[in-house]
Amino acid sequence: MLTPRRVSQVLTAVAVLLVGLLGGIAPGQAAGVRTAAVDPANDPCYVLIQVSPGVFEYVNICPDPDEEGDGGDGGGGGNGPRCDLTEEPYDEFCLGTKACRADIPSPLPEDQWPAEETRPGPDHIFTFVQCRVPGQEELYARWRWIEPYEDALPGLGWQALGRLQTPAFTMSFQPAGLTYVGAETRFMLDGLGDGEIIGSVAGPLQATGTLSHVEIDPADGSDVIDCDPDLRSRACQHVYLEMSHEQTAEDFDGRPGFAAQARLVYDVTFTMGGVELVLPGVPDTLESPWNGTVVPVGEIQALVRTR
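In this text, residue positions in the sequence shown follow my numbering: the first is 2, and each later residue adds one.
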């Protein structure tokens, strides 16, 4: 069965053969001969994609003949690069003898990439590539599959980090409904899951978040409290030293209270093929959005009688 790459190579060979044959034909004989144009709609190397909102183009996803054996990964095998990577910005990776740069992460959402069966491998991404071609002034510019080179991993790391979704938790406190000045107020969270979040893959990378701790802002002007990550069964305590009657936030019953908040803090690791990586410049922590509850604080008054 012919693959798209092999079909492209066969078409290229046929074109070269035609040029060679036509070179031996007299001008008068060649006048009625026309070189067949590529029909993208029927060529397996071409796919129709939306390159920008409302703009569709046929793009060639097959590697060029000089890339045979490279796998589109920008490598040059054991003998080093096959291209000249000394001229910026085309100094990121090689495609055959072409010196290239690529948009990483891809500006195209993954749901607009070509069909999965056209993907050369699970680590490849579909993006826009520009290359300097030896002996040519015109740049090579094309949408295509590439396997990200090593220095591109931090860019993909940001993309992998963005695919981590923190859970939508709820916050409560005890004593429920109303607490008091000088008493221990216990904060608890629900909806934390098992403490681990795993993002979908970004190219060859995947990010995993492990809940490190919970930050709680009691909203009374005191410092943020770092709490145990398991606030489902172990409460985080705080003592309010003033009443909340002057606060503008109100609970469901219309009582003024302190707008206490909490957020989750995760330690993030990145893996490629199951191997953990350190990505310079990419955060290794992730914080959830703040979420909270209104805490009304009253005062217990005691009546002292003297004899």
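All C-beta atoms in this analysis are idealised placements derived from N, C-alpha and C, irrespective of residue type, glycine included.
Next on the checklist: In whole angstroms, give me the CA-to-CA distance for residue 22 and residue 96.
Outcome noted: Here residue 22 scores only 40 on pLDDT, less than 50, and its place in the model should not be relied on; the value that follows carries that caveat. Going from the Cα of residue 22 to the Cα of residue 96 covers about 30 Å.
Q | Cβ-based burial, residue 199 [other Cβ within 10 Å; buried from 16] | A | exposed
**OP:** Please determine, among 125, 270, 176, 121, the residue with the shortest C-alpha to C-alpha distance to residue 164.
**Re:** Checking every option, the nearest Cα to that of residue 164 belongs to 270.
Local Cβ density within 10 Å of residue 1, reported as buried at 16 or more and exposed below that:
Because the chain spans 2 through 308 in this model, residue 1 falls outside it and cannot be assessed.
Give me the residue from 94, 87, 277, 59 with the minimum Cα distance to residue 152. 94
Candidates 241, 55, 60, 301: which alpha carbon is nearest residue 44's?
60
Practice prompt. Let me know the secondary structure DSSP gives residue 114 once reduced to three states.
Written response: Note: residue 114 maps to coil in three-state DSSP.
Residue 178, enclosing alpha helix (DSSP H) - first and last residue
Neither: residue 178 is in no alpha helix (DSSP H) and is coded neither H nor E.
Point to revise | residue 309 versus 247, 229, 187, 50, residue with shortest Cα-Cα distance | key: The question about residue 309 has no answer, for the chain in this structure spans 2 to 308.
query = For residue 214, which option in 256, 240, 263, 173 has the closest C-alpha, if you only look at C-alpha atoms?
reply = Between residue 214 and the set 256, 240, 263, 173, the nearest pair of CA atoms involves 263.
- Query: Given residue 179, which residues of its chain have a CB within under 6 Å of its CB, disregarding the five upstream and five downstream residues?
  - Reply: Correct list, in chain order: 297, 299.
Hey, out of 193, 176, 192, whose CA is closest to residue 185's CA? Of the residues 193, 176, 192, the one whose Cα lies closest to the Cα of residue 185 is 176.
*Secondary structure at residue 211, three-state DSSP: helix, strand or coil?*
In the structure shown, residue 211 falls within a strand segment according to DSSP collapsed to helix, strand and coil.
>> At the level of alpha carbons, what is the spacing between residue 55 and residue 135?
In response: 34 Å
Residue from 291, 90, 108, 85 whose Cα sits closest to the Cα of residue 53: 108
Opposing strand residues paired with residue 51 [DSSP bridges]: 57
- Item | residue 183 versus residue 226: straight-line alpha-carbon distance, rounded | 17 Å
Practice task
Compare the Cα-Cα distances from residue 143 to each of 65, 188, 172, 166 and report the closest residue.
Solution key: Residue 65 is the option with its Cα nearest to residue 143.
query: What's the gap between the Cα of residue 210 and the Cα of residue 268?
result: 5 Å
Exercise for review: Go ahead and pull the three-state DSSP assignment for residue 190.
Suggested key: strand
Which residue marks the beginning of the beta strand (DSSP E) containing residue 242, and which one marks its end? No beta strand (DSSP E) contains residue 242, which DSSP labels as neither H nor E.
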